[in-house]
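Trainee: Protein chains in written order, with my numbering: chain Y, 145 to 437; chain F, 1027 to 1463; chain P, 6 to 295.
1) Have a look at residue 1411 of chain F and residue 1377 of chain F and give me their C-alpha separation to the nearest angstrom.
2) Output the distance between the C-alpha atoms of residue 151 of chain Y and residue 199 of chain P, rounded to the nearest integer angstrom.
3) Would you kindly work out how many angstroms separate the C-alpha atoms of residue 1320 of chain F and residue 1256 of chain F, rounded to a whole number?
4) Could you give the first and the last residue of the continuous alpha helix (DSSP H) run that contains residue 1112 of chain F?
5) Does the contact criterion of 3 or more C-beta pairs under 8 Å hold for the segment 1166-1179 of chain F versus the segment 1285-1296 of chain F?
6) Going along the chain, which residues of the segment 1297-1316 of chain F sit with their C-beta nearer than 8 Å to a C-beta in chain P?
7) At what residue ranges does the segment 179-244 of chain P contain a whole run of the alpha helix (DSSP H), taking only runs of 4 or more?
8) By the DSSP assignment, the beta strand (DSSP E) with residue 290 of chain Y in it spans what residues?
9) Against chain F, does residue 267 of chain P count as a neighbour if the rule is that its beta carbon must be under 8 Å from one of theirs?
10) Terminal residues of the continuous beta strand (DSSP E) containing residue 1336 of chain F?
11) From this set, F/1050, F/1418, F/1100, which residue's C-alpha is nearest residue 153 of chain P's C-alpha?
12) Per DSSP, what are the beta-bridge partners of residue 1194 of chain F in this structure?
13) Pick helix, strand or coil for residue 1170 of chain F, following the three-state DSSP scheme.
14) Cβ of residue 1241 of chain F within 8 Å of Cβ of residue 1357 of chain F?
15) Is there a Cβ of chain Y sitting closer than 8 Å to that of residue 1473 of chain F, yes or no?
16) Touch check for the segment 1430-1447 of chain F and the segment 403-420 of chain Y: three-plus C-beta pairs under 8 Å?
17) Taking all protein chains shown into account, decide if residue 258 of chain Y is buried (16 or more other Cβ within 10 angstroms of its Cβ) or exposed.
18) Can you check the segment 362-396 of chain Y for any alpha helix (DSSP H) of at least 4 residues that lies completely inside it and give the ranges in chain order?
19) Under 8 Å, do residue 331 of chain Y and residue 304 of chain Y count as touching if we go by C-beta distance?
20) What did DSSP end up calling residue 193 of chain Y once you bin it into helix, strand or coil?
21) Taking 8 Å as the threshold (C-beta atoms), are residue 1168 of chain F and residue 1370 of chain F in contact?
22) Below 8 Å between beta carbons: does that hold for residue 122 of chain P and residue 163 of chain Y?
23) Using a Cβ-Cβ cutoff of 9 Å, what residues of the segment 1110-1131 of chain F are near chain Y? List them in chain order.
24) My parser needs the alpha helix (DSSP H) runs of 4 or more residues fully inside the segment 214-278 of chain Y; what are they?
25) For residue 1101 of chain F, which three-state DSSP category applies?
26) Excluding five sequence neighbours on each side, which residues of the same chain lie with their C-beta closer than 6 Å to the C-beta of residue 1058 of chain F?
27) So, for residue 366 of chain Y: in the same chain, excluding its five sequence neighbours on each side, which residues have a beta-carbon less than 8 Å away from its beta-carbon?
28) Could you tell me whether the segment 1131-1145 of chain F touches the segment 1224-1241 of chain F, where touching means 3 or more Cβ pairs closer than 8 Å?
29) Given that a residue counts as buried once 16 or more other Cβ atoms are within 10 Å of its Cβ, and exposed if not, what is residue 1453 of chain F?
30) Round the Cβ separation of residue 1271 of chain F and residue 1213 of chain F to the nearest angstrom and send it over; I've been treating them as touching at under 8 Å.
31) Run through chain P and tell me which residues come within less than 8 Å of residue 1093 of chain F, C-beta to C-beta.
32) When burial is assigned at 16 or more other CB atoms within 10 Å of the CB, is residue 344 of chain Y buried or exposed?
33) Within the segment 54-113 of chain P, note down every full alpha helix (DSSP H) run reaching 4 residues or more, in order along the chain.
34) Any idea if residue 282 of chain P is buried or exposed, counting beta-carbon neighbours within 10 angstroms, 16 or more meaning buried?
35) Using the beta-carbon count (16 or more within 10 Å), is residue 347 of chain Y buried or exposed?
36) How about residue 424 of chain Y: is its C-beta nearer than 8 Å to some C-beta of chain F?
What follows is the structure, given as structure tokens:
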């Protein structure tokens, strides 16, 4: 999106971006380049014997049938988590916007889950769903549903989707609330005076004006679903039963962190990066057109 | 940051009072012991530091086993690795393969001027951490093994004789059937599927889990757990699962909670669970040896260890290695090793500490705590020293994945074992190739 | 406290629905945290033998929280370290990270939106790409860089590598693009330079974005675990999340009640931040100037 009004200066923009670029170059690009370079190497865990192997790590991925299966699971998981998370939080934010009394209280409670320490989140889901302690699984069993996320792949996927959305709803909710708050009240009042009902007002005024926020959240949620969800999977299903909940990023994490296969993990990261960059470019190119600035 | 001035002042004071011209050599020890075990580590360091003034062991908690490995690797590559690193047993082959990164413990001890006799250590424990040429590579620190637990109260309620321990798999199946018939929802479950039902299962029956003596003979080892015996056992478990006698409760040690809460009646798991049970179980329980098939010749032999050992990293000064050697020597003292064993439930590392514990009447006062030891203290055969394979973490995960599909009925046992072996062997081939470069 | 748009007209049923949705939403979303609180008021033995976990609080609130906050000896004889000092470390780190991220991202987004300079697009994408490589994969080499710069075991090592943020830059970019051109035009005509414009016009307008980002980035900094784990060996520099992890003993016995109590305590500072920041969620100056 182009702005027509710009300031003119030869040096100022460079000075403004300098701090962030400095940190990004030193603490991201330089280490990231080294990390990605590992995808063409084969080495022991400690790096005492390193060998250049070209595309071998990538070839291995291509030959691994279960790796290709993972794409399907990841696509499904990411779509549901991103879209579900946004829809749910938008619903909550819009209704939160209508309330004056108790708004701060509700909002604080709804944002709080985002602050729960990651080490604890997994345990909380066990307190909910894992027998014997699991409160929800106990309730489900009393109702006759045999909840078993350990052996039933559908239950397992449902569990990680719920857990992933739960963590992200708070984040989305916060930004939607902020976005709604910055819509001028005068616009809404004017429309109300014109006789527009709340449902119409939402779609003609609030939703379009929220679109920059929605676009931001769409991109961020897709990235989140693809990259930040391995901790939840590690805490609950470990990718099981079988491999039914092993998403792409979980495999990256597992290989780099537990199996200590640096080359394989780096190769998978490259693949994952390419996919997400492609998805993001697509979003910027096609979806951003619909955004009203 | 607030504590630094205090530490500095007391350090200066200590130096002044010691009247020693040498500065104290600090030795960094990175470990993965959280909770009550972390205190045990800290106490060991504290007591050693108090017993002499040349060396100071500084233990640092570095997360779980995976996390501390990652931290150590990052540190090593940046040039500031710790002196001592605690690594879990399945990482042994990985450590061995990183030849430039470690110094064998045997070498550290002899060069450190300590009287070092490898034969004082319990064979089944130390043997796991010994190289083919007999040199001890890492120091056995916290080892556990697979045992069998059962809920006496549940047995009583089902009309089973609580003193008659199911010691064979057929007996386990019978007891499970009786429990189920009396309405019990979870007669039997297990933790660490690969470790308990395949690896330890193999050594307990003096059968190979993998070729090349389970990997001790070299990296050309390949998986062999599709023998008729293994197949028979997995088929039995699959049948039990179908009948609701064996209820799968998750990977690793997640199912500990299911037994401790009283939900499941019989359990194969780590001897380390004992401490947890003692504190939390609200029912009568007993520990016994891992079940076996009585018609297999040579069974029961011995079980396989779990837990971790201490590795010494390379690139440090000789004076520091002397300190490491002194510390390991301290840990091997009968009183110290015995106290550790009794406090934590981990196996005693030396034969002397076992005998000391027995003499003190500890086993009589705490029935069942000697089960783990007696399973391990016998002489091992070539097939039963343990299982030491490369990429072992991945192999265990592969086993978990394949067996889960047996328990939920999606795969037949034979197919699952064959697939597991095929996938596992790919991992072993990779490890072998990587080691040759 | 925001003015809800429900003030626009009287619609009682919609208002009731809004409250109902909020309450149901809160109950579902907050339920896991409620369980954590419940667990922190029982003893560890009670938790271990519960089938399922009780929904009502137990009677051990005071002693468990005292233990978690100040340390001491638990009922089973294990010594628990105090979490209060660790909360301080977390607090300083989180503040530095949040303020740092917002500051540098404001500057970058301002440059990207309001100036034309070569490689402008490239700069935005370079910043954006930092989201696309999981921390775990690059953590080894990042550690090497920090070690070479002698930043281990320090606040700078804990915070500076985490300060580059694509999220904040993206948020500000989105917001700046919605600011009407007339404002910038007016500033130029008035002779105000770009920095004046940033300070006097954009900054006040960005309040809600800054507030939201402050909450998010503070929590991000507060909950850092893996990075501090690698970068600190001095246990006096451990943040509180590491303290929680340390209470969880792998094979052996974990006192879940103390773990949960510490986790709840660790939730309090972020909760305070959330409450305070909501004061900025006010439609104020924004109305008249748009």
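We put the CB at the ideal spot given by N, CA and C, even for glycine.
Treat the numbers as computed from the prediction; the structure is a model and nothing was measured.
Mentor: According to the structure data:
1) The residue given as residue 1411 of chain F occupies position 385 in the second chain. The residue given as residue 1377 of chain F occupies position 351 in the second chain. One C-alpha to the other measures close to 17 Å.
2) Mapped onto the first chain, residue 151 of chain Y falls at position 7. Mapped onto the third chain, residue 199 of chain P falls at position 194. Between the alpha carbons of residue 151 of chain Y and residue 199 of chain P lies a gap of roughly 6 Å.
3) If you number the second chain from 1, residue 1320 of chain F lands on position 294. If you number the second chain from 1, residue 1256 of chain F lands on position 230. Each residue's Cα considered, the two are about 14 Å apart.
4) Taking the second chain and counting its residues from 1, one reaches residue 1112 of chain F at position 86. Segment 1110-1114 is the beta strand (DSSP E) holding residue 1112 of chain F; no alpha helix (DSSP H) there.
5) yes
6) Of all residues in the segment 1297-1316 of chain F, only 1298, 1299, 1301, 1302, 1305, 1306, 1307, 1308 come within less than 8 Å of chain P when Cβ atoms are compared, listed by chain position.
7) 186-194, 199-202, 212-227, 231-236
8) The residue labelled residue 290 of chain Y in the question sits at position 146 within the first chain. Where residue 290 of chain Y is concerned, there is no enclosing beta strand (DSSP E), given that its DSSP letter is neither H nor E.
9) Residue numbering aside, residue 267 of chain P sits at position 262 when the third chain is read from its first letter. No, its Cβ sits nowhere closer than 8 Å to a Cβ of chain F.
10) Residue numbering aside, residue 1336 of chain F sits at position 310 when the second chain is read from its first letter. Per DSSP, residue 1336 of chain F belongs to the beta strand (DSSP E) from 1331-1339.
11) In the third chain, residue 153 of chain P corresponds to position 148, counting from 1. Taking only the C-alpha atoms, the option nearest residue 153 of chain P is F/1100.
12) For the purposes of this step, residue 1194 of chain F is identified with residue 168 of the second chain, where counting begins at 1. Beta-bridge pairing links residue 1194 of chain F to F/1318.
13) Numbered from its first residue, the second chain carries residue 1170 of chain F at position 144. Here residue 1170 of chain F sits in strand by DSSP.
14) Counting from one through the second chain, the residue named residue 1241 of chain F turns up at place 215. Counting from one through the second chain, the residue named residue 1357 of chain F turns up at place 331. No.
15) This structure cannot settle anything about residue 1473 of chain F, because the visible part of chain F is limited to 1027 through 1463.
16) Because the criterion of three Cβ pairs below 8 Å is not met, the segment 1430-1447 of chain F and the segment 403-420 of chain Y do not touch.
17) By 1-based counting over the first chain, the position of residue 258 of chain Y is 114. Classification of residue 258 of chain Y: buried, given that the 10 Å Cβ count is 16 or more.
18) 374-380
19) Within the first chain, numbered from 1, the residue matching residue 331 of chain Y stands at position 187. Within the first chain, numbered from 1, the residue matching residue 304 of chain Y stands at position 160. Contact: no.
20) Position 49 of the first chain, counting from 1, holds the residue named residue 193 of chain Y. If DSSP states are grouped into helix, strand and coil, residue 193 of chain Y belongs with coil.
21) The residue given as residue 1370 of chain F occupies position 344 in the second chain. The residue given as residue 1168 of chain F occupies position 142 in the second chain. Yes, the Cβ-Cβ distance between residue 1370 of chain F and residue 1168 of chain F is below 8 Å.
22) Numbered from 1 along the third chain, position 117 holds the residue referred to as residue 122 of chain P. Numbered from 1 along the first chain, position 19 holds the residue referred to as residue 163 of chain Y. Contact flag unset, no.
23) Considering only beta carbons, the part of the segment 1110-1131 of chain F lying closer than 9 Å to chain Y consists of 1117, 1120, 1121, 1123, 1124, 1125, 1126, 1127, 1128, in chain order.
24) 247-255, 262-273
25) Residue 1101 of chain F sits at position 75 when you count from the first residue of the second chain. If DSSP states are grouped into helix, strand and coil, residue 1101 of chain F belongs with the helices.
26) Counting from 1 along the second chain, the entry for residue 1058 of chain F is found at position 32. Counting only Cβ-Cβ distances below 6 Å, and skipping sequence neighbours, we find 1090, 1091, 1094, 1112.
27) Residue mapping note: residue 366 of chain Y aligns to position 222 of the first chain, counting from 1. Here the set comprises 222, 226, 420, 423, 424, 427.
28) Counting Cβ pairs under 8 Å, fewer than three are found: no touch.
29) Position 427 of the second chain, counted from the first residue, corresponds to residue 1453 of chain F. Buried, by the Cβ-count rule.
30) Start at 1 with the first residue of the second chain, and residue 1271 of chain F comes out as number 245. Start at 1 with the first residue of the second chain, and residue 1213 of chain F comes out as number 187. At roughly 5 Å, the Cβ-Cβ gap stays under 8 Å, so residue 1271 of chain F and residue 1213 of chain F are in contact.
31) Here residue 1093 of chain F corresponds to residue number 67 of the second chain, with the count starting at 1. The answer, in chain order, is 231, 234.
32) Within the first chain, the letter at position 200 stands for residue 344 of chain Y. Residue 344 of chain Y should be labelled exposed.
33) Counting only runs of 4 or more residues that sit fully inside the segment 54-113 of chain P, the alpha helix (DSSP H) segments are 66-75, in chain order.
34) Working through the third chain from its first residue, we reach residue 282 of chain P at position 277. Per the 10 Å Cβ criterion, buried.
35) For the purposes of this step, residue 347 of chain Y is identified with residue 203 of the first chain, where counting begins at 1. Exposed.
36) Start at 1 with the first residue of the first chain, and residue 424 of chain Y comes out as number 280. It does not: the Cβ of residue 424 of chain Y has no partner Cβ on chain F nearer than 8 Å.
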